[in-house]
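Going line by line, the protein sequences match chains A and B.
Residues 1 to 411, numbered by the working numbering, are exactly what the first sequence covers, in order.
Residues 1 to 411, numbered by the working numbering, are exactly what the second sequence covers, in order.
Just so you know, even glycine gets a beta-carbon here, dropped at the ideal spot from N, CA and C.
Everything numeric in this text was worked out from a predicted model, so none of it was measured.
Number of protein chains: 2
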Amino acid sequence: MSVAEIIDARTVEDHVMALASHGAFGETGVWRTVYSPEWSAAQDLVASWCAELGLEVSRDAVGNIWGRLEGTEGGPSIVAGSHVDSQTPGGRYDGALGVVAAVLAVQALKERYGPPRRTMEVVSLCEEESSRFRARFWGSRAIVGGIEPHEPDALFDDSGISIAEAMRSVGLDPARIPEAARADIDSFLELHIEQGPILEDAGLPVGLVRAITGLRHTSIELVGRSDHAGARPMASRLDPMAGAAEVISGAVGDALRMGPPAVTTIGKMAVEPNLTSTVPDRVTFTIDARHPDPEPLALLYRSHQTLISSVAERRGLEANTRILLDFPPCVCDPDLVRLLEAAAGELGIPAMRMHSGAGHDSQQMAARSKVGMVFVRSIGGRSHTPAEYTTADDAAKGIQVLATTMHELAY
Amino acid sequence: MSVAEIIDARTVEDHVMALASHGAFGETGVWRTVYSPEWSAAQDLVASWCAELGLEVSRDAVGNIWGRLEGTEGGPSIVAGSHVDSQTPGGRYDGALGVVAAVLAVQALKERYGPPRRTMEVVSLCEEESSRFRARFWGSRAIVGGIEPHEPDALFDDSGISIAEAMRSVGLDPARIPEAARADIDSFLELHIEQGPILEDAGLPVGLVRAITGLRHTSIELVGRSDHAGARPMASRLDPMAGAAEVISGAVGDALRMGPPAVTTIGKMAVEPNLTSTVPDRVTFTIDARHPDPEPLALLYRSHQTLISSVAERRGLEANTRILLDFPPCVCDPDLVRLLEAAAGELGIPAMRMHSGAGHDSQQMAARSKVGMVFVRSIGGRSHTPAEYTTADDAAKGIQVLATTMHELAY
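The following block contains the structure:
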């Protein structure tokens with residue numbers, strides 16, 4: 001049997017469902033936050049799969065599970081994987097499918113070709129979603145040595161537990177986090193659901209990611225003057241709500257005019273004092289702006305900033321902006337993209353190059369390795385919800401592309 | 001001494017400060033909600049002032065304080081007053097100044113002219129602000145028989161106390177509310193701070209209200225579809241935040257284009273799920289729209305409704321609108337407006353006709369009486385804040401106009 005034959009839809013489905021049983025939420029959802037009992041059970045299951053495959057299994061200092069198949073030539077590893085934690089609730093596929101993919105790809109390669117020339121590893125990353133702690137990319141940041149020493153005692157979940165305490169509750173010592181760092185990873189390959197509608201709209205099962213979007217989260221506070229809704233004429237108001245509406249329409253318009261893949265989202269707002277009959281004195285909202293290419297990204301940011309300044313100045317409002325998050329675009333390794341593309345071509349799987357509009361562990365891994373990503377079609381473009389769905393057929397096709405590429409790299 | 005000489009700034013100031021000592025909040029504020037101990041103390045003070053004047057003092061079934069000076073000819077009364085409750089916190093003048101005005105006007109008239117031909121009454125209304133219960137105009141509604149039988153047990157404050165319980169705590173029996181109704185009030189005259197900047201901008205101490213604004217509060221819920229902020233392209237979003245921004249800008253624009261005195265305010269908003277990286281699926285906000293004249297008011301409402309429908313339809317959003325509050329404009333009695341104007345002219349007090357953009361007890365009283373209102377200048381147009389301020393000089397001028405008009409009516 002060929003690698004593509006070994007990786008069939010039924011096997012994929014069985015693995016996804018087995019993993020989804022840990023932290024199952026409702027009919028189709030998953031609620032599996034880092035260092036919870038459900039999370040531990042899921043990581044144990046991945047470890048047992050790796051052990052059954054005859055891989056050398058280890059758990060690193062933050063709880064990432066590694067399964068290692070030593071290469072005959074040694075040297076830096078070819079690693080595949082993704083994360084095992086979920087949104088609250090999330091679906092069965094976000095992260096988990098990439099872990100399943102890595103296991104099945106290595107399994108198929110080992111079964112078909114035996115020991116590789118270069119070391120291959122499976123990794124099930126502990127945390128990506130920031131759904132319990134604001135620990136974004138905890139697993140991959142540990143691997144690239146990107147966790148700051150103060151963080152374990154500074155990040156808390158909603159019940160006041162620090163991530164350090166949560167680590168200790170599953171037998172991990174926060175003081176040892178630096179030991180999770182790796183400098184011997186050549187390439188990191190991540191399969192992930194697309195989480196958007198682009199593949200579905202194009203009628204394709206698989207996408208090959210050329211770049212992961214850069215993104216900036218900005219908090220904008222517009223301060224005006226609270227006034228009586230009846231007694232203060234329109235002309236002399238300092239109305240931050242009218243200003244916010246103008247900025248929001250303008251920022252959404254900036255992204256629309258720039259065209260795809262530029263996106264700008266205003267998802268969060270707070271109004272003070274938030275009373276029907278009172279002109280607000282303060283409106284605070286966020287702008288999430290993204291583009292995978294540095295130049296248009298910088299242009300998008302500038303457009304938004306200019307807009308905020310000019311609206312505030314014209315309306316006599318005080319504007320305070322604060323950058324909450326700022327990730328530069330991450331370019332996937334062009335050679336890996338070409339290899340992935342060639343693999344899809346060989347397998348006769350229709351695929352397209354695309355960007356990722358969402359952030360991924362690969363962004364972090366790129367600090368120390370070449371990275372490549374395979375996307376599989378999301379039905380309805382849904383994600384971060386129990387309604388998230390990818391067919392086992394599409395998933396199998398993506399895994400076949402992943403395995404074929406790993407074969408090219410490791411054998 | 002003339003009535004105008006009797007009503008001097010010093011006397012006004014003393015009365016305002018005495019009333020403000022009950023429920024004093026910070027340096028210049030007042031926190032005096034209906035049926036609280038501070039409120040009872042304030043009403044007791046008004047009752048004692050009335051008693052000292054030799055008026056016949058009574059407390060009606062909802063706790064309004066009345067001071068009656070019987071006219072030699074009897075017949076329906078000429079009543080002056082306002083409310084004694086405050087915002088949380090509010091200032092010293094909103095409501096309270098109208099109560100002080102009524103006391104000082106009747107005092108000056110009695111002192112200067114003795115017993116009136118027609119009965120004059122002072123009223124200190126129990127509740128207008130809805131700052132403890134959503135009981136808007138509780139005092140004046142009781143007087144016009146406008147409180148529904150279910151209300152006393154259906155209105156609760158933030159600590160879960162019903163207005164019926166609160167009434168009982170100050171010795172009032174909710175079952176007797178209908179007894180507060182009066183059918184023998186000929187004219188109700190209310191002096192109030194303007195709460196806006198129109199008089200200040202015009203450089204005038206006093207305004208004569210020709211109409212109280214009509215107003216409608218509408219809650220608008222726009223429902224779209226939640227999507228990942230990075231993975232969902234702009235063109236296929238159903239973004240209720242972008243829709244809300246467009247409606248808000250458009251509604252504010254409707255009022256601006258119509259020109260003064262049209263006003264439209266968006267003061268309240270809630271976003272779901274309210275996350276930075278997620279296109280919201282639901283944005284709910286309020287529109288407060290006002291105009292004192294029925295035709296432009298109807299036009300303003302129609303413009304807003306058309307806007308909401310067209311934005312929702314074009315953007316594929318579901319729009320659910322709900323009217324929360326709907327007060328028609330209240331026209332002050334033209335004869336009373338002319339009398340007030342003539343009084344200001346006689347006294348040499350510069351004044352202008354204007355509308356009230358805020359709601360007042362007079363709106364309710366108009367159901368059974370002629371109503372007239374005197375506005376006095378608000379410094380900076382501020383109100384519903386401890387920063388609210390009206391000079392004792394301006395207040396005295398307004399009270400002189402009130403007293404002169406009452407003389408015309410009652411003697």
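Would you grab the beta carbon distance between residue i and residue j for me? Rounded to a whole angstrom, and I think it's under 8 Å.
| i | j | result |
| --- | --- | --- |
| A/Arg-368 | A/Val-79 | 11 Å between Cβ atoms; not a contact. |
| B/Glu-128 | B/Gln-87 | That pair is no contact at about 10 Å. |
| B/Ala-343 | B/Thr-405 | 5 Å |
| A/Leu-199 | A/Met-120 | So it is not a contact: roughly 27 Å between Cβ atoms. |
| B/Ile-185 | B/Ser-77 | 5 Å |
| A/Asp-394 | A/Ser-140 | The Cβ separation is near 25 Å, so there is no contact. |
| B/Ala-245 | B/Ile-287 | Going by Cβ atoms, the distance from B/Ala-245 to B/Ile-287 rounds to 14 Å, so no, they are not a contact pair. |
| A/Ile-7 | A/Glu-111 | Rounded, the Cβ-Cβ distance is 10 Å, inconsistent with contact. |
| A/Gly-398 | A/Val-376 | 4 Å |
| A/Ala-410 | A/Pro-197 | Actually they do not touch by this definition, with Cβ atoms about 34 Å apart. |
| A/Val-271 | B/Met-241 | Not really, about 13 Å apart at Cβ, beyond 8 Å. |
| B/Gly-23 | B/Glu-38 | 3 Å |
| A/Gly-359 | A/Leu-191 | Between A/Leu-191 and A/Gly-359 the Cβ distance is about 16 Å, and since that is not below 8 Å, they are no contact. |
| A/Ala-9 | A/Ala-255 | Contact doesn't hold; Cβ gap of about 37 Å is too wide. |
| B/Gly-243 | B/Arg-315 | 5 Å |
| B/Thr-11 | B/Leu-104 | 6 Å |
Between the Cα of residue i and the Cα atoms of the options, which residue gives the shortest distance?
| i | options | result |
| --- | --- | --- |
| B/Val-147 | B/Pro-174, B/Glu-129, B/Phe-25 | Note that residue 147 of chain B corresponds to Ile in the displayed sequence, not to Val. Looking at the Cα atoms, B/Pro-174 is the closest of the given residues. |
| B/Gly-63 | B/His-83, B/Ala-387, B/Gly-348 | B/His-83 |
| B/Arg-92 | B/Ser-77, B/Pro-178, B/Arg-32, B/Leu-53 | B/Arg-32 |
| A/Asp-326 | A/Ala-319, A/Leu-347, A/Gly-345, A/Pro-292 | A/Pro-292 |
| A/Arg-267 | A/Gly-348, A/Ala-251, A/Phe-285 | Here the sequence assigns Gly to residue 267 of chain A, which means Arg is not the residue at that position. The candidate whose alpha carbon is nearest that of A/Gly-267 is A/Phe-285. |
| A/Leu-208 | A/Gly-372, A/Asp-14, A/Glu-408 | A/Gly-372 |
| B/Thr-72 | B/Trp-49, B/Ala-4, B/Arg-118 | B/Arg-118 |
| A/Leu-275 | B/Pro-328, B/Arg-10, B/His-384, B/Val-3 | B/His-384 |
| A/Lys-370 | A/Glu-388, A/Ala-181, A/Val-337 | A/Val-337 |
| A/Trp-138 | A/Tyr-113, A/Gly-114, A/Ala-166 | A/Ala-166 |
| A/Asp-85 | A/Arg-136, A/Gly-67, A/Thr-213, A/Ser-48 | A/Arg-136 |
| A/Ala-183 | A/Ser-40, A/Ala-142, A/Ile-248, A/Gly-348 | A/Ala-142 |
| A/Pro-328 | A/Tyr-35, A/Ala-298, A/Gly-90 | A/Ala-298 |
According to the neighbour-count rule (16 or more other Cβ atoms, all chains shown, within 10 Å of its Cβ), is residue i buried or exposed?
| i | result |
| --- | --- |
| B/Pro-97 | Per the sequence presented here, residue 97 of chain B reads as Leu, with Pro not at that position. Buried. |
| B/His-150 | exposed |
| A/Glu-27 | exposed |
| A/Met-1 | exposed |
| A/Ile-323 | exposed |
| B/Ala-154 | exposed |
| B/Gly-95 | buried |
| B/Pro-152 | buried |
| A/Ser-187 | buried |
| B/Met-17 | exposed |
| B/Ala-51 | exposed |
| B/Gly-29 | buried |
| A/Glu-194 | buried |
| A/Asp-60 | buried |
| A/Glu-388 | buried |
| B/Thr-306 | exposed |
| A/Tyr-35 | buried |
Should residue i be listed as close to the ligand COA, given that the test is whether its C-beta is under 7 Å from any heavy atom?
| i | result |
| --- | --- |
| A/Asp-293 | The ligand COA is not among the ligands present in this structure, which contains no ligands whatsoever. |
Does any C-beta atom of chain D lie closer than 8 Å to the C-beta of residue i?
| i | result |
| --- | --- |
| A/Ser-277 | Of the protein chains in this structure, namely A and B, none is chain D. |
message: Quick test of the definition: if touching needs 3 or more C-beta pairs under 8 Å, does the segment 329–348 of chain A touch the segment 146–160 of chain A?
response: no
message: Is it the case that the segment 257–267 of chain A contacts the segment 232–241 of chain B, given that we only count it when at least three CB pairs across the two stretches are under 8 Å?
response: yes
- prompt: For the segment 303–314 of chain B against the segment 371–385 of chain B, are there 3 or more C-beta pairs whose distance is under 8 Å?
  reply: no
- request: Quick one: which unbroken alpha helix (DSSP H) runs of 4-plus residues sit fully inside the segment 69–137 of chain B? Chain order, please.
  value: For secondary structure counted as the alpha helix (DSSP H) over 4 or more consecutive residues, the segment 69–137 of chain B holds these complete runs in sequence order: 96–113.
- request: Tell me, please, whether the segment 201–209 of chain A touches the segment 349–362 of chain A by the rule of three or more beta-carbon pairs shorter than 8 Å.
  value: yes
- prompt: Which runs of the beta strand (DSSP E), 3 residues or longer, sit entirely within the segment 255–313 of chain B?
  reply: 263–265, 269–272, 282–291
query: Of all the beta strand (DSSP E) runs that stay within the bounds of the segment 317–375 of chain B, which reach a length of 3 or more residues?
result: 318–327, 351–356
- request: Check whether the segment 223–231 of chain B touches the segment 394–404 of chain B, counting contact only when three or more Cβ pairs, one atom from each stretch, lie closer than 8 Å.
  value: no
query: Does the segment 109–126 of chain A come within contact of the segment 205–219 of chain A, defined as at least 3 CB pairs closer than 8 Å?
result: no
Length-filtered (4 minimum) alpha helix (DSSP H) runs lying within the segment 177–211 of chain A: Counting only runs of 4+ residues, the alpha helix (DSSP H) found wholly inside the segment 177–211 of chain A occupies 198–202, in chain order.
field: the segment 272–291 of chain B touching the segment 292–302 of chain A, judged by at least three CB pairs closer than 8 Å
entry: no
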